[in-house]
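A short write-up of the structure that comes next.
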Amino acid sequence: MHAIEAEHLRRTFQRRGWLRRRGREIVAVDDVTFAVEAGTIYGLLGHNGAGKTTTIKMLSTLLIPTSGRASVAGFDVVRQEREVRRRLGVVLGGDRGLYGKISARDNLLYFGRLYGLPRERLLRRVEELLELVGLADRADDRVEGFSRGMKQRLHLAKALLHDPPVIFLDEPTIGLDPAAAVSLRRAIKALAPEHTVLLTTHYLHEADELCDRIAIIDHGRIVLEDTPSGIKRRVDTDQRLRLRVSGLPAATLAAMLESCPAVRSVALPASRDGEAELVLKCHDRARAIDEVVGLVHRQGGRIEVIEALEPTLEDAFLALTNGAVACV
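Last residue of the sequence shown: 328 in full-length UniProt numbering, with the numbers rising by one and none dropped.
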């Protein structure tokens with residue numbers, strides 16, 4: 001069952017020209033289609049300006065699509081926006097949306113009353129959420145004294161107050177220190193499978209760690225959608241091997257290995273203490289292993305380490321976005 005569906009979503013903006021004349025059209029999102037299974041964490045991965053936030057805003061009813069359609073929890077985001085909002089929690093981050101002069105607990109109690117939650121249920125829910133996001137020991141402290149990471153966790157608790165089945169998180173860990181980011185990612189992981197999470201990020205390791213499926217978006221278009229491991233496999237064209245060999249001069253070894261038919265190229269990143277460490281790009285990794293092992297042994301060398309180097313999500317991202325830079 002799909003908790004989120006987007007079909008051919010497109011959103012354009014008009015850039016205002018000189019003296020308020022109509023400027024050229026800017027395409028922020030262009031023909032975006034994807035579906036998110038209920039109870040999973042789905043990532044939209046892209047560099048700044050790729051269209052991630054615009055997509056989130058259309059799905060959360062904050063922007064009307066120029067064309068295309070989308071639904072959240074089975075409700076159309078344009079025609080049934082009230083139903084969508086009842087079933088949706090959104091975390092856009094920043095300081096807005098929280099009251100600094102009151103405590104974390106009082107913030108949640110206030111917003112819970114706005115949702116119309118019954119008193120007893122609200123009191124229980126607030127304590128549950130403070131525990132979930134790791135703020136139980138700071139529940140009675142004023143929010144103005146919180147770090148950015150603590151505010152992000154409180155934003156997450158606020159979005160979960162009415163127990164929505166779908167959660168949108170727009171770059172939730174941006175600007176956080178490593179410890180705060182780890183803490184927030186732990187809270188996000190705990191949301192599935194009871195909730196469906198749509199997460200935008202340009203942190204590659206974060207998408208790899210959290211997401212069941214990922215769509216890579218570039219210049220407003222989805223260029224690939226798959227599981228993190230599936231995306232890596234689909235760009236694994238180099239079939240790399242890492243090799244550490246003792247007993248042979250590094251330069252001689254590199255020249256010999258380049259003569260192997262299954263080896264495309266050889267890089268020599270390190271040579272020390274009588275050992276050479278090389279990275280091989282192969283036409284056929286299995287064949288290359290047989291050829292390399294045989295050649296090294298015949299020449300009197302000893303293989304200390306031989307291992308396949310799998311592509312990272314960063315490799316995939318750079319390949320699919322023509323080298324566009326993302327934070328790692």
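We put the CB at the ideal spot given by N, CA and C, even for glycine. Because the structure is a prediction, the values reported are computed rather than measured.
Would you mind reading off the limits of the alpha helix (DSSP H) that contains Y110?
As a working mapping, residue 110 is identified with position 110 in the sequence shown. For Y110, the enclosing alpha helix (DSSP H) has its first and last residue at A104 to L114.
Straight-line gap, F146 to L154 (C-alpha atoms, nearest Å)
As a first step, residue 146 is located in the sequence shown; it is residue number 146 there, counting from the start. As a first step, residue 154 is located in the sequence shown; it is residue number 154 there, counting from the start. The straight-line gap from Cα to Cα measures roughly 10 Å.
Measure the alpha-carbon distance for M1 versus K101 and round it to whole angstroms.
If you number the sequence shown from 1, residue 1 lands on position 1. If you number the sequence shown from 1, residue 101 lands on position 101. So the alpha carbons of these two residues sit roughly 43 Å apart.
Within this structure, are the beta carbons of R185 and L210 separated by less than 8 Å?
Locating residue 185 in the sequence shown gives position 185, counting from the first residue. Locating residue 210 in the sequence shown gives position 210, counting from the first residue. Taking 8 Å as the Cβ cut-off, R185 and L210 qualify as a contacting pair.
Which value, in whole angstroms, describes the spacing of the CA atoms of E310 and C282?
For the purposes of this step, residue 310 is taken as residue 310 along the sequence shown, with counting starting at 1. For the purposes of this step, residue 282 is taken as residue 282 along the sequence shown, with counting starting at 1. When the Cα atoms are used, E310 and C282 turn out to be separated by approximately 13 Å.
Please name the residue in L313, H195 and C260 whose C-alpha comes closest to that of V235.
For the purposes of this step, residue 235 is taken as residue 235 along the sequence shown, with counting starting at 1. For V235, the nearest C-alpha among the options comes from L313.
Can you tell me where the alpha helix (DSSP H) holding D315 begins and where it ends?
Against the sequence shown, residue 315 aligns to sequence position 315. Its alpha helix (DSSP H) spans residues L313 to L320.
Look up C327 in the DSSP assignment and say whether it is helix, strand or coil.
Sequence index remark: in the sequence shown, residue 327 carries index 327 (1-based). Below a pLDDT of 50, predicted positions are generally treated as unreliable, and C327, at 37, falls in that range; no measurement from the model is reported.
Rounded separation between Q14 and T53 - CA only:
Translated into positions along the sequence shown, residue 14 becomes position 14. Translated into positions along the sequence shown, residue 53 becomes position 53. Q14 and T53 have their C-alpha atoms roughly 18 Å apart.
So, under 8 Å CB-CB, A157 and L122 are touching, yes? Tell me the CB distance rounded to an integer number of Å.
The residue you call residue 157 lines up with position 157 of the sequence shown. The residue you call residue 122 lines up with position 122 of the sequence shown. That belief does not hold up - the Cβ atoms of A157 and L122 are roughly 13 Å apart, past 8 Å.
On the three-pair Cβ rule with 8 Å, is the segment 292-310 touching the segment 250-258?
Between the segment 292-310 and the segment 250-258, the count of C-beta pairs closer than 8 Å reaches three or more; the two stretches touch.
Alpha-carbon spacing of D315 relative to S183, whole angstroms
Working through the sequence shown from its first residue, we reach residue 315 at position 315. Working through the sequence shown from its first residue, we reach residue 183 at position 183. Each residue's Cα considered, the two are about 26 Å apart.
Rounded separation between A190 and R213 - CA only
Position 190 of the sequence shown, counted from the start, is the residue given in the question as residue 190. Position 213 of the sequence shown, counted from the start, is the residue given in the question as residue 213. Cα to Cα, the separation comes out at about 17 Å.
Roughly how many angstroms separate the alpha carbons of N48 and D218, rounded to a whole number?
As a working mapping, residue 48 is identified with position 48 in the sequence shown. As a working mapping, residue 218 is identified with position 218 in the sequence shown. Their Cα atoms are separated by approximately 9 Å.
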